[in-house]
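Peer 1: Starting off with a structure, shown below.
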Amino acid sequence: MTSEKKTILVVGAGGFIGGFIAAEGLRRGYDTWVAVRASTSRRYLTDSRLHFLELDYDDPEAMEKAVEEALPAPTGWDFIIWNLGATKAANFLMFNQVNFNYPRTFVEMLRRRGWVPQKFLYMSSLSAVGPGDEVNYTPITSSTRPNPNTRYGLSKIKTETFLETLPDFPWVIFRPTGVYGPHEKDYLMMIKTIDSHWDVSMGFRRQLITFIYVDDLVEAMYKAIEAPNTVHRKYIISEDRAYTQKDFRQLVAKALGHKVVIPLKLPMWVVYIASVLCEKWAAVGGKPSTLNRDKFKIMRQRNWSCDISDAQRDFGFQPKFSLERGVQATVEAYFRDKKADKKK
Numbered sequence: 116m117t118s119e120k121k122t123i124l125v126v127g128a129g130g131f132i133g134g135f136i137a138a139e140g141l142r143r144g145y146d147t148w149v150a151v152r153a154s155t156s157r158r159y160l161t162d163s164r165l166h167f168l169e170l171d172y173d174d175p176e177a178m179e180k181a182v183e184e185a186l187p188a189p190t191g192w193d194f195i196i197w198n199l200g201a202t203k204a205a206n207f208l209m210f211n212q213v214n215f216n217y218p219r220t221f222v223e224m225l226r227r228r229g230w231v232p233q234k235f236l237y238m239s240s241l242s243a244v245g246p247g248d249e250v251n252y253t254p255i256t257s258s259t260r261p262n263p264n265t266r267y268g269l270s271k272i273k274t275e276t277f278l279e280t281l282p283d284f285p286w287v288i289f290r291p292t293g294v295y296g297p298h299e300k301d302y303l304m305m306i307k308t309i310d311s312h313w314d315v316s317m318g319f320r321r322q323l324i325t326f327i328y329v330d331d332l333v334e335a336m337y338k339a340i341e342a343p344n345t346v347h348r349k350y351i352i353s354e355d356r357a358y359t360q361k362d363f364r365q366l367v368a369k370a371l372g373h374k375v376v377i378p379l380k381l382p383m384w385v386v387y388i389a390s391v392l393c394e395k396w397a398a399v400g401g402k403p404s405t406l407n408r409d410k411f412k413i414m415r416q417r418n419w420s421c422d423i424s425d426a427q428r429d430f431g432f433q434p435k436f437s438l439e440r441g442v443q444a445t446v447e448a449y450f451r452d453k454k455a456d457k458k459k
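Mapping of the sequence shown onto the working numbering: residues 116 to 459, in sequence order.
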């Protein structure tokens, strides 16, 4: 199949962010492919213009054959966005398999077969950097020395390091902070809790948290792959200010129309015990738990403030959604979903 349009492949398109990436590709006029597993939900991938590519990441030979049959041109896609990843897992082996082995195998296939794109954008995470300065609260920068303290962060930095060993491969690395918006689940849990008039947080020391609304993140991806000087660069993607838990609570409460929300701060040791118990219970069932020791370390981190000046300089990144605007849009989607559920 040939096309004069620029072509893009979104790997890991079935999740929360993937649907937005695919929709933006179509909006920008790209011939857009979406790579999913056979079992992946296509709830957010309903546009008839999308080309589907089913991949079995655990079977490299079958994956290579599927990619070969789907290639839009002999040399492959113009751009590839690797959005596939596990944010929680029952053990480190699963993190390592999904967040390191899968992208490594895929990239090695692209290089071996001559299907290297013009740019390959890898979605890493701010957790790949690890804890920031919790004394002076200096913002995390793209040059901050990584020291990940979670299994998730370690699996992400492994892939970053692998890509850095490939001087002939046109990688771009994104390290987004907490991504939120319609369909996202972790922040939705927090919104639901606040909707019940409670706001549960942990620790008593000052904490600065950062956010990026999904639309802003996706726009940054396309700006980065379309800009001329972004190859072999790493970018932190965040709104250009930090917030406190109180800020978040007040903005969500305002959007929900609530006047009374009771803040409940739990001691670190209480949350740690709960995370261990939840993790062990989930392991018995063979499923990952939302609350686990990795998540505890992330919640315990006090400084998530970010310096996004590299992204601003290289491709004009400027978030359009303040937390207030983004929360309002997310809560409106939450209300729509609640209303739709009641009609079922």
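Built from N, CA and C at the ideal position, the CB exists for glycine as well.
What is the C-beta distance between Val376 and Ala370, in whole angstroms, given that I count them as a contact (C-beta under 8 Å)?
Peer 2: Locating residue 376 in the sequence shown gives position 261, where the first residue counts as 1. Locating residue 370 in the sequence shown gives position 255, where the first residue counts as 1. The pair is not a contact, with the Cβ atoms about 12 Å apart (cut-off 8 Å).
Peer 1: Let me make sure I understand the geometry here. Which of Phe363, Asp331, Gly245 and Thr265 has the alpha-carbon closest to that of Ser258?
Peer 2: Numbered from 1 along the sequence shown, position 143 holds the residue referred to as residue 258. Nearest of Phe363, Asp331, Gly245 and Thr265 to Ser258, Cα basis: Gly245.
Peer 1: Report the three-state DSSP secondary structure of Val446 (helix, strand or coil).
Peer 2: In the sequence shown, the residue the question calls residue 446 occupies position 331. Correct three-state label for Val446: helix.
Peer 1: Glu299 by DSSP, collapsed to three states: which one?
Peer 2: Against the sequence shown, residue 299 aligns to sequence position 184. The answer is coil: DSSP assigns Glu299 none of H, G, I, E or B.
Peer 1: Taking the alpha carbon of Tyr252 as the reference point, which residue from Thr325, Lys435 and Gly144 has its own alpha carbon closest?
Peer 2: Translated into positions along the sequence shown, residue 252 becomes position 137. Considering only alpha carbons, the answer is Thr325.
Peer 1: Between Gly200 and the rest of its own chain, which residues show a CB-CB distance below 7 Å, the 5 nearest in sequence each way excluded?
Peer 2: Counting from one through the sequence shown, the residue named residue 200 turns up at place 85. If we look at Gly200 and ignore the five residues flanking it on each side, its Cβ neighbours are Gly127, Val213, Asn214 and Met238.
Peer 1: Using only CA atoms, which one of Phe167, Lys380, Phe221 and Pro285 lies nearest to Asp174?
Peer 2: One-based indexing of the sequence shown puts residue 174 at position 59. Residue Phe221 is the option with its Cα nearest to Asp174.
Peer 1: Name the two residues that bound the continuous beta strand (DSSP E) containing Ile196.
Peer 2: For this step, residue 196 is matched to residue 81 along the sequence shown. From DSSP, the beta strand (DSSP E) with Ile196 extends over Phe194 to Trp197.
Peer 1: Who are the Cβ neighbours of Ile255 in its own chain at under 6 Å, not counting the five residues just before and after it?
Peer 2: Mapped onto the sequence shown, residue 255 falls at position 140. If we look at Ile255 and ignore the five residues flanking it on each side, its Cβ neighbours are Val244, Gly247 and Cys421.
Peer 1: Could you check if Gln433 is buried or exposed, using at least 16 other CB atoms within 10 Å of its CB as the buried criterion?
Peer 2: Residue 433 sits at position 318 when you count from the first residue of the sequence shown. Label assigned to Gln433: exposed.
Peer 1: For Ala153, count neighbouring Cβ atoms within 10 angstroms of its own Cβ and tell me buried if that reaches 16, exposed if not.
Peer 2: For the purposes of this step, residue 153 is taken as the residue at position 38 of the sequence shown. Its Cβ having fewer than 16 others within 10 Å, Ala153 is exposed.
Peer 1: Relative to the alpha-carbon of Glu354, which residue among Ile272, Ala185, Lys435 and Trp148 has its alpha-carbon at the smallest distance?
Peer 2: Indexing the sequence shown from 1 puts residue 354 at position 239. Minimum Cα distance to Glu354 is reached at Lys435.
Peer 1: Less than 8 Å between CB atoms is the rule here; does Ser154 satisfy it with respect to chain C?
Peer 2: No chain C is present in this structure, which holds just one protein chain.
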